[in-house]
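The block underneath contains the structure these notes are about, expressed in structure tokens.
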Amino acid sequence: MAGAGGPLSRRGLRGREAELAELEALIASVARTGSGALALVRGEPGIGKTTLLAEAVSHARAAGFSVGVGKADELHHIVPLSSLAASVLDGDQPLLSGDAFADLARNHDQRIWLVERLAEAIEARAGSVPVLISLDDVQWADPLSRFALQRLPARLRTSPVLWMLTARREPTGPADEIAAAAAGELPTVTVSLGPLSGAAIAQLAGDALGAAADERVRDLLDGAGGNPFLAVEMLAGLRAAETPDHLVPPGLVVGVRGRLRSLKPDTLRFLQMGAVLGRSFAFHDAAALCGRPTTSLIAELEEAVRAGLLDDDGEHLVFRHDLLRQAVYADILPSARKALHREAARSLVTAGRRPVDAVPHILRGALPGDEDAVALLQRAAADVLPVTPDLAADLMTRALALVPSARPLRFAVGEQAILCLARAGRNREAVSTGDGLLAERPTPETFSRLQAALGGALWNMDLAGELRRRAEAALAMGGAAPEVAARLAALRTMALSRGHDLPAAREAGETALRAATATGDREAHILALAGLGEIAQNAGESAVALERFAALSAIDSAFLPEEIVAHLHVDDFESGERLLLQAREAGATRQAVMLWARGQHDLGLGRLDDADAGFLTMERLEDEVRVPVQQVNGRVIRSRIALLRGDREAAREHLIAARERLAARPNPGNTAAVRFLEAVHAEADGDVRLAVEKIRDVQQEGSFMRWRLLRDWVDAGIRMALSGADRELAEDLAAQAEAHAGRNPAVPTATGIAAQAAGLVRNDIAMLEHSVELLGASPRPLVRAAASADLGHALLAAGRRAQAADALTHARDTFAASGATAAAARVQRAAKGAGADSRGAAAVQRPVQGWEALTASEKKIARLVAQGHTNRSAADLLVVSPHTVNTHLTSAFRKLSVNSRVQLANLVMALPDS
Numbered sequence: 000m001a002g003a004g005g006p007l008s009r010r011g012l013r014g015r016e017a018e019l020a021e022l023e024a025l026i027a028s029v030a031r032t033g034s035g036a037l038a039l040v041r042g043e044p045g046i047g048k049t050t051l052l053a054e055a056v057s058h059a060r061a062a063g064f065s066v067g068v069g070k071a072d073e074l075h076h077i078v079p080l081s082s083l084a085a086s087v088l089d090g091d092q093p094l095l096s097g098d099a100f101a102d103l104a105r106n107h108d109q110r111i112w113l114v115e116r117l118a119e120a121i122e123a124r125a126g127s128v129p130v131l132i133s134l135d136d137v138q139w140a141d142p143l144s145r146f147a148l149q150r151l152p153a154r155l156r157t158s159p160v161l162w163m164l165t166a167r168r169e170p171t172g173p174a175d176e177i178a179a180a181a182a183g184e185l186p187t188v189t190v191s192l193g194p195l196s197g198a199a200i201a202q203l204a205g206d207a208l209g210a211a212a213d214e215r216v217r218d219l220l221d222g223a224g225g226n227p228f229l230a231v232e233m234l235a236g237l238r239a240a241e242t243p244d245h246l247v248p249p250g251l252v253v254g255v256r257g258r259l260r261s262l263k264p265d266t267l268r269f270l271q272m273g274a275v276l277g278r279s280f281a282f283h284d285a286a287a288l289c290g291r292p293t294t295s296l297i298a299e300l301e302e303a304v305r306a307g308l309l310d311d312d313g314e315h316l317v318f319r320h321d322l323l324r325q326a327v328y329a330d331i332l333p334s335a336r337k338a339l340h341r342e343a344a345r346s347l348v349t350a351g352r353r354p355v356d357a358v359p360h361i362l363r364g365a366l367p368g369d370e371d372a373v374a375l376l377q378r379a380a381a382d383v384l385p386v387t388p389d390l391a392a393d394l395m396t397r398a399l400a401l402v403p404s405a406r407p408l409r410f411a412v413g414e415q416a417i418l419c420l421a422r423a424g425r426n427r428e429a430v431s432t433g434d435g436l437l438a439e440r441p442t443p444e445t446f447s448r449l450q451a452a453l454g455g456a457l458w459n460m461d462l463a464g465e466l467r468r469r470a471e472a473a474l475a476m477g478g479a480a481p482e483v484a485a486r487l488a489a490l491r492t493m494a495l496s497r498g499h500d501l502p503a504a505r506e507a508g509e510t511a512l513r514a515a516t517a518t519g520d521r522e523a524h525i526l527a528l529a530g531l532g533e534i535a536q537n538a539g540e541s542a543v544a545l546e547r548f549a550a551l552s553a554i555d556s557a558f559l560p561e562e563i564v565a566h567l568h569v570d571d572f573e574s575g576e577r578l579l580l581q582a583r584e585a586g587a588t589r590q591a592v593m594l595w596a597r598g599q600h601d602l603g604l605g606r607l608d609d610a611d612a613g614f615l616t617m618e619r620l621e622d623e624v625r626v627p628v629q630q631v632n633g634r635v636i637r638s639r640i641a642l643l644r645g646d647r648e649a650a651r652e653h654l655i656a657a658r659e660r661l662a663a664r665p666n667p668g669n670t671a672a673v674r675f676l677e678a679v680h681a682e683a684d685g686d687v688r689l690a691v692e693k694i695r696d697v698q699q700e701g702s703f704m705r706w707r708l709l710r711d712w713v714d715a716g717i718r719m720a721l722s723g724a725d726r727e728l729a730e731d732l733a734a735q736a737e738a739h740a741g742r743n744p745a746v747p748t749a750t751g752i753a754a755q756a757a758g759l760v761r762n763d764i765a766m767l768e769h770s771v772e773l774l775g776a777s778p779r780p781l782v783r784a785a786a787s788a789d790l791g792h793a794l795l796a797a798g799r800r801a802q803a804a805d806a807l808t809h810a811r812d813t814f815a816a817s818g819a820t821a822a823a824a825r826v827q828r829a830a831k832g833a834g835a836d837s838r839g840a841a842a843v844q845r846p847v848q849g850w851e852a853l854t855a856s857e858k859k860i861a862r863l864v865a866q867g868h869t870n871r872s873a874a875d876l877l878v879v880s881p882h883t884v885n886t887h888l889t890s891a892f893r894k895l896s897v898n899s900r901v902q903l904a905n906l907v908m909a910l911p912d913s
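Mind the numbering: the sequence shown is residues 0 to 913 in numbering that gives the first Met the number 0, read in order.
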């Protein structure tokens with residue numbers, strides 16, 4: 000039998016045989032099927048979660064799994080990715096090397112990028128061997144690890160990756176968020192641990208004491224309530240007793256304090272310093288808190304280890320259980336705890352540790368007015384802002400609460416808090432914080448700084464009018480520093496870009512740009528160029544917009560998506576493609592916005608399947624970071640794509656989703672886009688009167704051509720107006736198209752659509768022929784097909800059947816090549832009436848299930864994955880985002896009814912052409 004206080008002997012896992020069998024079955028399933036799964040073990044502290052997890056991990060390792068083991072810590076739950084770090088760095092063959100992980104943590108610039116890189120590393124390992132990743136005490140996981148755990152299991156569901164997590168019972172918490180994200184995506188098992196049976200507790204007693212427990216011991220163990228950890232600690236106390244009749248202190252049942260009373264005072268003091276630092280701590284950090292050199296504390300360390308309270312892995316000291324640390328920590332007086340946490344924070348920073356490492360102690364120990372603590376929180380918030388903006392916002396909110404109202408520092412801290420809140424998408428909170436600070440009557444200079452800081456939140460909330468009012472009020476007050484005045488002028492330009500007087504907005508923007516250049520303020524320069532770009536786009540001056548956005552992306556590459564879309568507006572798809580490739584190689588920072596640009600590119604080139612997948616992926620990424628910028632427009636486009644394909648059900652679903660998202664962001668552009676989509680649906684339903692009414696609703700938000708999304712669709716609006724006998728509306732739309740072409744004479748799409756619009760309104764075949772000729776230089780096949788169809792219908796109505804057949808056949812084939820099967824079928828019916836040859840007619844609709852249900856891109860990716868490619872390597876070959884590959888792959892798995900890459904490979908290899 001082990002010595003007093005040492006580890007207990009154990010004959011198997013007592014009382015958890017059924018739960019272990021359930022986890023072992025899941026391990027076998029992942030190995031057999033090659034698909035992912037998630038297990039969550041839940042229970043109260045000390046109930047045996049960690050022991051059960053260790054047994055399962057041991058079984059998986061014996062079964063050939065590559066295993067990563069990690070544990071979250073109550074006092075180390077701030078540092079980004081610290082909880083998952085051990086899981087991916089653990090073992091003889093870690094998923095990532097220490098250097099690779101450090102590079103990942105150092106160079107990442109946003110959460111989505113980092114999660115995808117982790118996914119790629121795990122996916123690569125799972126290509127050769129099944130993987131198990133475990134994390135104990137997930138309720139204490141840091142925010143970035145929680146973010147990753149909510150996404151990685153679903154992302155890797157087609158690979159043999161098993162996730163095993165443990166968590167304490169809580170009404171809601173990280174464990175529930177992770178399980179909810181995985182539910183429906185991959186097999187998910189929850190194992191709930193209750194109290195051990197009396198028989199199992201008796202077995203534990205026999206293991207510990209070397210003999211069957213007598214009645215006195217059994218009565219004592221009843222006080223453990225079936226909790227194995229408390230039972231084991233009681234038994235350890237019995238084993239350490241000098242005589243069999245020695246009474247075990249009652250405190251063992253609730254906090255095992257009695258066991259601590261046998262320690263020397265200096266050892267207990269050393270343990271208390273360790274408890275302040277966390278469950279895992281460095282020897283020298285605890286020595287520093289004790290105010291003693293490490294060499295003078297070796298005896299105390301040895302006693303704590305002999306007593307079974309600490310483990311020593313050579314790098315860190317670890318309390319053997321959280322309950323032990325909590326028992327030690329609870330015996331420190333509250334005031335002393337606060338003082339020790341403050342001292343711990345100072346000690347860590349003095350030792351050269353990062354500010355974020357000291358934050359847990361600041362949060363527990365800082366007192367109002369502690370400016371050193373505030374400074375540390377500010378530095379930590381700046382460090383974590385790129386990847387965990389929510390955490391940065393929380394830290395700055397706490398920092399602001401520590402600064403009394405009378406201190407000048409309060410406004411500087413408040414300004415940073417506002418910026419962090421806006422970055423986290425907590426815009427209302429940012430505005431509320433700013434207004435609270437403004438109510439404290441700051442100086443004019445500070446008033447201006449706060450209003451400038453609030454600009455981003457107001458813009459995000461689509462409150463352009465309020466943004467303009469505040470910017471003008473701050474500028475009128477005077478007293479602003481030159482760079483702040485330049486930012487306010489640029490923010491005013493942004494607000495004016497949403498108004499109707501675009502010439503005045505342009506003049507204000509030029510003034511703001513000169514001020515930004517004169518002050519050399521980068522933020523003001525970016526805002527001014529962004530505002531001028533928006534103004535030019537809204538005015539339909541595509542070449543000017545391109546110039547502004549190119550200048551903007553030269554200053555900050557994060558705005559490359561805006562430059563790409565501006566290239567598309569001037570029909571320069573070649574440059575757009577080049578910049579998309581450049582952004583992919585460099586690693587785009589605004590990945591959701593970049594997917595919007597890619598989707599616009601694919602849509603313009605008639606790649607409907609790829610565009611639909613791109614917009615779907617964009618929406619998912621926007622949901623993940625809670626910044627829904629383009630979701631209304633994305634759903635509008637996807638609904639139109641569905642109608643072009645003939646999928647009315649999907650089109651209606653997208654319309655409903657667009658309306659729901661419009662309620663959250665009811666700006667004029669979004670409103671116009673949804674009203675136009677409602678018109679398209681009304682026309683498809685045969686309700687021409689409603690369709691015309693909706694087009695007029697678009698006009699009430701501003702001229703139809705004001706809205707960039709609609710410019711290539713003006714021909715549809717004109718057809719609706721003519722069908723509804725509203726010639727005035729049709730002529731108005733045609734005049735707008737003509738004016739737009741006048742502003743963009745070098746853009747074939749603009750000039751061709753203007754000619755098409757005029758031809759429709761005048762029923763002028765020659766003009767329609769001219770539009771087809773002009774659009775021959777346009778890179779947009781769907782626009783070309785629509786113009787050819789209009790020409791064909793006009794020729795057919797004029798009795799020129801042979802020419803009509805040619806035009807309609809060309810339109811049909813162009814629609815079909817883009818996947819617009821419903822549009823192709825409509826044109827085919829007209830072509831048949833013109834006597835066109837039906838050979839080579841429009842392609843039939845794809846089936847719903849099976850290999851032929853896959854799009855061309857889905858087939859390419861399925862074949863690459865079947866050959867052993869990861870998402871990353873497939874994305875590299877196809878020059879697309881790994882996120883888009885994942886979207887295509889998810890769709891392929893659904894259509895093929897397979898759940899793993901192994902199953903996919905078997906299916907693909909069985910195809911006749913394989």
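Just so you know, even glycine gets a beta-carbon here, dropped at the ideal spot from N, CA and C.
Should residue i go down as buried or exposed, given a rule of 16 or more other Cβ atoms within 10 Å for buried?
i, result
"residue 608", "buried"
"residue 878", "exposed"
"residue 897", "buried"
"residue 57", "exposed"
Could you give the distance in angstroms between the alpha-carbon of residue i and the alpha-carbon of residue j?
i, j, result
"residue 754", "residue 699", "25 Å"
"residue 377", "residue 359", "14 Å"
"residue 726", "residue 674", "20 Å"
"residue 111", "residue 564", "22 Å"
"residue 125", "residue 162", "13 Å"
"residue 595", "residue 889", "20 Å"
"residue 787", "residue 176", "52 Å"
"residue 231", "residue 274", "21 Å"
"residue 458", "residue 93", "45 Å"
"residue 262", "residue 292", "20 Å"
"residue 668", "residue 724", "27 Å"
"residue 204", "residue 197", "11 Å"
Out of the options, which one is the CA nearest neighbour of residue i?
i, options, result
"residue 369", "345, 177, 356, 350", "345"
"residue 70", "141, 652, 649", "141"
"residue 67", "556, 424, 128, 32", "128"
"residue 226", "744, 14, 712", "14"
"residue 35", "758, 182, 736, 685", "182"
Which same chain residues, not among the five before or five after residue i, have their C-beta less than 8 Å away from its C-beta?
i, result
"residue 709", "671, 672, 675, 697, 703, 716"
Return the chain-ordered list of same chain residues with a C-beta closer than 7 Å to the C-beta of residue i, the five sequence neighbours on each side being excluded.
i, result
"residue 821", "642, 643, 644, 645"
"residue 107", "Reliability of the predicted coordinates at residue 107 is poor, the pLDDT of 46 falling under 50, and no value is obtained from them."
"residue 934", "With the chain represented from 0 up to 913, any question about residue 934 goes unanswered, as that position is not in the structure."
"residue 242", "Since pLDDT at residue 242 reaches only 39, below the 50 mark, its modelled position is unreliable, and the value read off the structure follows with that caveat. Contacts found: none."
Going by beta carbon distance, what residues of the same chain come within less than 6 Å of residue i, once the five residues before and after it are set aside?
i, result
"residue 481", "518"
Any 3 or more C-beta pairs closer than 8 Å across the segment 152-159 and the segment 892-905: yes
Any 3 or more C-beta pairs closer than 8 Å across the segment 34-53 and the segment 191-202: yes
Inter-stretch contact at 8 Å, needing at least 3 Cβ pairs: the segment 880-895 / the segment 611-630: yes
Meets three-Cβ-pair contact criterion under 8 Å: the segment 572-581 and the segment 736-755: no
Cβ contact check for the segment 349-367 and the segment 322-334: 3 or more pairs under 8 Å: no
Cβ contact (3+ pairs, closer than 8 Å) linking the segment 291-300 and the segment 318-326: no
The segment 653-660 / the segment 632-640 touching (three or more Cβ pairs under 8 Å): yes
Any 3 or more C-beta pairs closer than 8 Å across the segment 386-399 and the segment 422-435: yes
Given 8 Å, three or more beta-carbon pairs between the segment 625-633 and the segment 806-817: no
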